[in-house]
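Undergrad: I'd like to ask some things about the structure below.
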Amino acid sequence: MPMPSAVDLAAHPLTIWQGPLGLPDFTRIGDGDFSGVFDAALTAHEAEIETIADSAETPTIENTLAALELGGEPLDHVSSIFWCRAGAHTNEAIQALERDISPKMSRHFSAISMNERLFARIDDLYRRRDALKLDAETLRVLEKTWKNFVRSGAKLDAAGKKRLAAINEELSSLGTNFGQNLLADERDWALFLDAADLAGLPEFLKSAMAEAAEMRGQKGRYAVTLSRSIYEPFSTFSERRDLREIAFRAFTMRGQNGGATDNTAVVRDMLRLRAEKAKLLGYASYAALKLDDTMAKTPEAVHRLLDPVWEKALEKATSDQIELQRLAAEAGSNEQFAAWDWRFYQEKLRAEKFAFDEAELKPYLQLDRIIDACFDVATKLFGITFEEKKGIATWHPEARVFVVRNADGSERGLFLADYFARPSKRSGAWMSALKSGYKLGDGSRPVIYNIMNFAKPPEGEAALLSVDEAKTLFHEFGHALHGMLTEVTWPSVAGTSVSRDFVELPSQLYEHWLTVPAVLEKHALHVKTGKPMPKALVDKMLAARTFGAGFATVEFTASALVDMAYHARPDAPQEPLRFEAETLKKLNMPDTIAMRHRTPHFGHIFAGDGYSAGYYSYMWSEVLDADAFAAFEETGDPFNPALAERLRKNIYAAGGSKDPEELYTAFRGKMPSPEAMMIKRGLV
């Protein structure tokens, strides 16, 4: 829709959501709308902040903390739609806007964090906090708000504030550039094949590759893309070693191909600026800054978790490689065993040890039935139900809309899901929110979404998932439940607003219910016969759960250790890729396994700040999730009602309203040791 000269935030469809079910009316939103609405919303929020900061009244929770939390609603609304589009359905116009908006947003929030009058009011409340007789959640929000201001530069002198704001703005732009470069490399590369090149590939993969080729204008051919949902099964099943090598090199060189999309200099500059930021704020390293508000607290604590796991994983991978080389030799290969051979021969070894392969499982893992399984488990555990609403416009025609209801039939919120890979979507899988759920002020119901990148099947065929993809679906839905089940008052601690190394607990824990036999029996039905997965196949799959643990743990832990190595030093390496290689050499990283995320495409830590010095948190949370599911196993009932209620109350509904150790202990009665996680992975 054309942009008026002055934006009316009280009527614009980007800020006043009057579409079906209270969603934005996406039919009235065009790419050209965002810039003007962002500018108007930023200006409106600035005015709200000034009103709070300039108040002559004595600071109170209502006129300062609550006003700060509830301010900026138009900015929240336009931002949530825009960042959804930037990740899930972008184009050149959106990417240009992203490059413009990212530094603007950074400047805006830096100015708020460094507003001396505003901080004086927060500081006044903080100093009087004991006398205010606050409830536990409000006290926690006040303390976290005060600390966030300090960690964002509120106590720096004028020169320090100016420099920190400049650093934040530059980091924001660099993170945007990193993500856009990576998307370009993933979008623009494809290996087009003909029928003669498909030896060893199962039908589900051929179908997905045919669809990917047609989407790229090569109907009748087959495309290997850099989406994991195609790359990994191709590497697993293709008998063409030469093609596996081409795909491997393309996949591992994303972001490092020279030219305009190369991320080498972007990473160098980001690491330099992060080190400078930490020093400016009085921290020994950027990792020390980022870990200050986590369960781990220090880089040393992270290493106490990762280092023993690394040693066990290396041992396992080394012994596994001997077996894989034996298979390669028996198959007549005279080539030196290489990284592009690992998945292929690992699948052969799985077939030898457990008498089945991944291709046998896939016909039983239909996308729609696994979605139903996610919903069914949530109903059994938490009493909520899901009803799909067809024909509602969202950011893309493939996105689906579900109304979420409580056990009594009342509406809890909305869940949106966008499942298939496309060139306009960044890789990976994630959860986010168009709206968070909270009770402060007039309250807000959650509008949560999941984004996936599964291979789209040809028209009329069912989408089939690998076991890993089905786990990913459950994982991201676990995050979604964390957002949908929230019962807190304050927006800043709602849903997934918890410490980085606690946020993966609800998602990783939820994965366990995928392989509960009763869930498989009901939902793992063959795509053609409709019959459930045979018990013998289920047993083989469960027996093979820890198969390949050496490879999987090495590729993950290497990424976590390199992330920590970059950020735990007081300075930044001049040549990050050389530093990556040197770090891996010190770790004795096998040259036959690649990091899960090499530096130039490590979006978790460089396409923004989310998991920087925090990639370890998946494993930290895994210690918790292994122990948490063991609680259900100990009762003999994976849906034990009393335990499910404790889980809902203390983990999924509590957000960041209490310290995570307090929340976990309230659920389980104690904190776990890493032993359960090591056993779950098959490393001990």
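Numbered per our numbering, the sequence shown spans residues 1397 to 2080. Don't be surprised by glycine CBs; every beta carbon is placed ideally from N, CA and C.
1. Quick test of your reading: Ser1895 and Pro2056, contact by CB under 8 Å. State the CB separation rounded to the nearest angstrom.
2. Does the Cβ of Ser1888 have 16 or more other Cβ atoms within 10 Å, making it buried, or fewer, making it exposed?
3. Whose C-alpha, out of Glu1539, Ile1626 and Asp1531, is nearest the C-alpha of Leu1521?
4. Assign Tyr1618 to buried or exposed, taking buried as 16 or more other Cβ atoms, counted over all protein chains shown, within 10 Å of its Cβ.
5. State buried or exposed for Thr1621, treating a residue as buried only when at least 16 other CB atoms are found within 10 Å of its CB.
6. Is it the case that the Cβ atoms of Pro2070 and Val1923 are separated by a distance below 7 Å?
7. With Glu1743 and Phe1633 assumed to form a contact (beta carbons below 8 Å), what rounded beta-carbon distance in angstroms separates them?
8. Please specify which runs of the alpha helix (DSSP H), each continuous and at least 4 residues long, are wholly inside the segment 1846 to 1916, giving them in chain order.
9. Please check the pair Ala1449 and Leu1514, which I expect to be a contact at CB under 8 Å, by giving their CB distance rounded to whole angstroms.
10. Run the CB neighbour count on Lys1831, radius 10 Å, all protein chains shown included, and call it buried at 16 or more, exposed below.
11. Cα separation between Gly2119 and Gln1732?
12. So for Thr1942, helix, strand or coil by DSSP?
13. With 16 as the cutoff for other CB atoms within 10 Å, does Met1937 come out buried or exposed?
14. Give me the DSSP bridge partner(s) of Leu1570.
15. Since Ser1681 contacts His1871 with CB under 8 Å, what's their CB separation in whole angstroms?
16. Give me the Cα-Cα distance between Ala2050 and Ile1844, rounded to the nearest whole angstrom.
17. By the DSSP assignment, the alpha helix (DSSP H) with Pro1795 in it spans what residues?
18. So, does the segment 1466 to 1483 touch the segment 1444 to 1458, judging by three or more C-beta pairs under 8 Å?
19. Considering only DSSP beta bridges, list what Ser1840 is partnered with.
20. Could you say which of Leu1757, Ala1709, Pro2034 and Asp1581 lies nearest to Leu1983 if we only look at CA atoms?
21. Less than 7 Å between the beta carbons of Leu1410 and Val1433, yes or no?
22. Figure out for me which residue from Arg1637, Pro1499, Ala1774 and Leu1570 has the closest Cα to the Cα of Gly1596.
23. Relative to the C-alpha of Val1800, which candidate in Glu1783, Ala1789 and Glu1794 has its C-alpha closest?
24. Let me make sure I understand the geometry here. Which of Ala1977, Ser2013, Ile2047 and Ala1968 has the alpha-carbon closest to that of Lys1673?
25. Going straight from the alpha carbon of Leu1358 to that of Gly1837, what length do you get?
26. Please work out which residues of its chain come closer than 7 Å, Cβ to Cβ, to Met1397, disregarding the five sequence neighbours upstream and downstream, and give them in chain order.
27. Just reading off the alpha helix (DSSP H) that Thr1411 is part of, what are its end residues?
28. Check whether the segment 1900 to 1908 and the segment 2019 to 2028 touch, using three or more Cβ-Cβ pairs below 8 Å as the test.
29. Is the CB-CB distance between Tyr2099 and Leu1881 below 7 Å?
30. Which word fits Gly1805, buried or exposed, when buried means at least 16 other C-beta atoms lie within 10 angstroms of its C-beta?
31. Name the DSSP bridge partner or partners of Phe1782?
32. Output the boundary residues of the beta strand (DSSP E) element that contains Ala1619.
33. How many angstroms separate the CA atom of Val1915 from the CA atom of Ala1769?
34. Take the Cβ of Ile1626 as the centre, count every other Cβ of all protein chains shown within 10 Å, and call the residue buried at 16 or more, exposed below.
35. Touching or not, the segment 1568 to 1583 and the segment 1702 to 1716, by the rule of three or more beta carbon pairs under 8 Å?
36. Taking just the CA atoms, how far does Ile1497 sit from Phe1478?
TA: From the atom records:
1. 6 Å
2. buried
3. Glu1539
4. buried
5. buried
6. no
7. 7 Å
8. 1863 to 1880 and 1901 to 1907
9. 4 Å
10. buried
11. Within the shown structure, residues of the chain are numbered from 1397 to 2080, placing residue 2119 beyond reach of any answer.
12. coil
13. buried
14. Partner(s): none; Leu1570 has no beta bridge.
15. No, Ser1681 and His1871 are not in contact; Cβ-Cβ is about 30 Å, not under 8 Å.
16. 17 Å
17. One point to set straight first is that residue 1795 is Ala, not Pro, in the sequence displayed. Segment: none, Ala1795 is in no alpha helix (DSSP H) and carries neither H nor E.
18. yes
19. Tyr1834
20. Ala1709
21. yes
22. Arg1637
23. Glu1783
24. Ala1968
25. One cannot answer for residue 1358 here, as it falls past the ends of the chain, which runs 1397 to 2080.
26. Residue confidence is low: Met1397 scores 36 on pLDDT, short of 50, so the model does not pin down where it sits. No coordinate-derived value is stated.
27. Element bounds for Thr1411: n/a, residue is neither H nor E.
28. yes
29. This structure leaves residue 2099 out entirely; the chain is present only between 1397 and 2080.
30. exposed
31. Val1800
32. Tyr1618 to Val1620
33. 7 Å
34. buried
35. no
36. 10 Å
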